[in-house]
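**Q** Just so we're aligned, residue 0 is where the sequence shown starts under numbering that gives the first Met the number 0, counting upward by one. Here it is, the structure in full.
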Amino acid sequence: MSRVLPPVESFISITTLDALPHPAFVYRADGVLKAYNRGAEELYGIAREHVVNKFNAFESDILDKAIVEGIREALAGRTNVVYSALVDTSKSEDLASISQKTVWVENTNVPLCDAAGDVAYMLIMQRDVTEMTAQRAAIAEAKAEIAEQRELIASLERAQREIEEQRQTILALESPIIDVWDGVLLLPVIGAVTERRASEMMDKALSAVSAARARYLILDLTGSDHVDTTTANHFSSVLRAVALLGAQGIVVGIRPQVAQAMISLDLGLSDVRTYRNLREALRHCIRELRASGPRGGARSP
0 MSRVLPPVES FISITTLDAL PHPAFVYRAD GVLKAYNRGA EELYGIAREH VVNKFNAFES
60 DILDKAIVEG IREALAGRTN VVYSALVDTS KSEDLASISQ KTVWVENTNV PLCDAAGDVA
120 YMLIMQRDVT EMTAQRAAIA EAKAEIAEQR ELIASLERAQ REIEEQRQTI LALESPIIDV
180 WDGVLLLPVI GAVTERRASE MMDKALSAVS AARARYLILD LTGSDHVDTT TANHFSSVLR
240 AVALLGAQGI VVGIRPQVAQ AMISLDLGLS DVRTYRNLRE ALRHCIRELR ASGPRGGARS
300 P
């Protein structure tokens, strides 16, 4: 024999439900809606007569599965809370003509027990969290955008580091300092010499001469076929600078047009030795090194 339930009003009156500040619903064990307060009417725009004793939570598509599971839990005697679940009245053929509302809700589900302690109904006290859910979604989206921007910045920084590494590699290839013999360094010059490149040449030449305690720096102009006033002054500055460190500057591979340009510019390089090619310059350096012996900590060849 089926159980006869006492009326809903013996558990909670409609007056009490209407006094609640939020939407409230009372469901029977079979999922049928038995009571529905004024707050719910205002939220969904659906009068009680359209849903009370007509709407079944277990047979409708307008409620999220989480909401239905929360109802079942309460009817099984377990109070529970369902956070941020969706109610969409447009999914109901019966209700869509009355109201098409999409609402995110938070439900507190409470079992209503009779004197014997058996669950007769369950009560939902509902809170509209649509705005809060939208704000959370906006925050999550903003966080995702920030994370994406951080990743973009990190990618740009990595790319910048790679470009800088490539630039340093190019600079090293543009003005390499080669240790060709104990106490003898070679600085080959290929192509045009810009202000930036001249500064790099100067820094590298001075550092290398000082570190190696070199006695000679050979400036090889074989790969440079054009010398203007600025370029010639750069060469002169490098040679004079290494002389201040006690090293002798030697120039090799000067082409006729380059020689004429350097003479016409009167750069004061009369003390600088010049040779036709690197072999002759290196032979001179080795001969003088052997004749004078190693300087300071230089290694003997």
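Ideal placement from N, C-alpha and C gives every residue a C-beta, glycine not left out. All figures in this text were calculated on a predicted structure; none of them were measured in a lab.
1) Could you check which residue in ALA73, ILE217 and LEU244 has the C-alpha nearest to that of ILE285?
2) Tell me the start and end of each unbroken beta strand (DSSP E) in the segment 207–281 that is at least 3 residues and wholly inside, in chain order.
3) Taking only three categories from DSSP, how would you classify LYS33?
4) Taking 8 Å as the limit between beta carbons, can you name the residues of its chain near VAL51, skipping five residues before and five after?
5) Using the rule of at least 16 other Cβ atoms within 10 Å of the residue's Cβ for burial, across every protein chain shown, is VAL80 buried or exposed?
6) For the structure I just gave you, are there three or more beta carbon pairs, one from the segment 140–148 and one from the segment 17–32, closer than 8 Å?
7) Where does the unbroken alpha helix (DSSP H) through ILE123 begin, and where does it stop?
8) Take VAL112 and list the residues in its own chain whose beta-carbon comes closer than 6 Å to its own, dropping the five residues that flank it on each side.
9) Leaving aside the five residues before and after PRO22 along the sequence, list all residues of the same chain whose C-beta is less than 6 Å from its C-beta, in chain order.
10) Within 10 angstroms of its Cβ, does PRO187 collect 16 or more other Cβ (buried), or is it exposed?
11) Would you call the segment 273–280 and the segment 237–248 in contact, with 3 or more CB pairs under 8 Å?
12) Specify, as a first and last residue, the run of the beta strand (DSSP E) that ALA95 falls within.
13) Going by DSSP in three states, ASP113 sits in which element: helix, strand or coil?
14) In chain order, what residues of the same chain lie with their CB nearer than 6 Å to the CB of HIS233, ignoring the 5 residues before and after it?
15) Please specify which runs of the beta strand (DSSP E), each continuous and at least 3 residues long, are wholly inside the segment 18–82, giving them in chain order.
16) Can you give the Cα-Cα distance for LEU281 and THR229, rounded to whole angstroms?
17) Is it buried or exposed for THR15, if we count other Cβ within 10 angstroms and need 16 for buried?
18) Relative to the alpha-carbon of VAL67, which residue among ALA210, ASP227, VAL104 and GLU161 has its alpha-carbon at the smallest distance?
19) Counting Cβ pairs closer than 8 Å, one from the segment 85–104 and one from the segment 45–62, do we hit at least three?
20) Kindly list the residues whose CB is nearer than 8 Å to the CB of GLU279, restricted to its own chain and excluding five residues on each side of it in sequence; keep chain order.
**A** So, to answer that:
1) Counting from one through the sequence shown, the residue named residue 285 turns up at place 286. The option with the nearest alpha carbon to ILE285 is ILE217.
2) Entirely contained in the segment 207–281, the beta strand (DSSP E) runs reaching 3 residues are, in chain order, 215–222, 247–251 and 272–274.
3) Numbered from its first residue, the sequence shown carries residue 33 at position 34. In this structure, DSSP gives LYS33 an extended state, which the three-state scheme calls strand.
4) Taking the sequence shown and counting its residues from 1, the one referred to as residue 51 is at position 52. Same-chain partners within the cutoff: LEU32, LYS33, ALA34 and TYR35.
5) The residue labelled residue 80 in the question sits at position 81 within the sequence shown. It is exposed - the Cβ of VAL80 has fewer than 16 other Cβ atoms within 10 Å.
6) Too few Cβ pairs lie closer than 8 Å, so no.
7) In the sequence shown, counting from the first residue as 1, residue 123 sits at position 124. Unbroken run through ILE123 is the beta strand (DSSP E), 118–127; no alpha helix (DSSP H).
8) Translated into positions along the sequence shown, residue 112 becomes position 113. According to the sequence shown, residue 112 is Cys rather than Val. Hits under 6 Å: VAL118.
9) Taking the sequence shown and counting its residues from 1, one reaches residue 22 at position 23. Cβ within range, chain order: GLY38, ALA39, LEU42 and GLN125.
10) Along the sequence shown, read from residue 1 onward, the residue named residue 187 stands at position 188. Around the CB of PRO187, 16 or more other CB atoms lie within 10 Å, so the residue is classed as buried.
11) The segment 273–280 vs the segment 237–248: no contact.
12) Here the question's residue 95 lines up with position 96 in the sequence shown. Segment: none, ALA95 is in no beta strand (DSSP E) and carries neither H nor E.
13) Counting from one through the sequence shown, the residue named residue 113 turns up at place 114. Shown here, ASP113 sits in coil according to DSSP, grouped into three states, outside any helix or strand.
14) Indexing the sequence shown from 1 puts residue 233 at position 234. Leaving aside the five residues that flank HIS233 on each side, the residues in its chain whose CB is nearer than 6 Å to its CB run, in chain order, VAL192 and ALA197.
15) Along the segment 18–82, the beta strand (DSSP E) occurs as fully enclosed runs of 3 or more residues at 23–27 and 32–35, listed in sequence order.
16) Numbered from its first residue, the sequence shown carries residue 281 at position 282. Numbered from its first residue, the sequence shown carries residue 229 at position 230. Going from the Cα of LEU281 to the Cα of THR229 covers about 28 Å.
17) Position 16 of the sequence shown holds residue 15. So THR15 ends up on the exposed side.
18) As a working note, residue 67 is residue 68 in the sequence shown. Relative to the Cα of VAL67, the nearest Cα in the group ALA210, ASP227, VAL104 and GLU161 belongs to VAL104.
19) With a cut-off of 8 Å, the segment 45–62 and the segment 85–104 count as touching, because enough Cβ pairs lie within range.
20) As a first step, residue 279 is located in the sequence shown; it is residue number 280 there, counting from the start. So the qualifying residues of the chain are VAL251.
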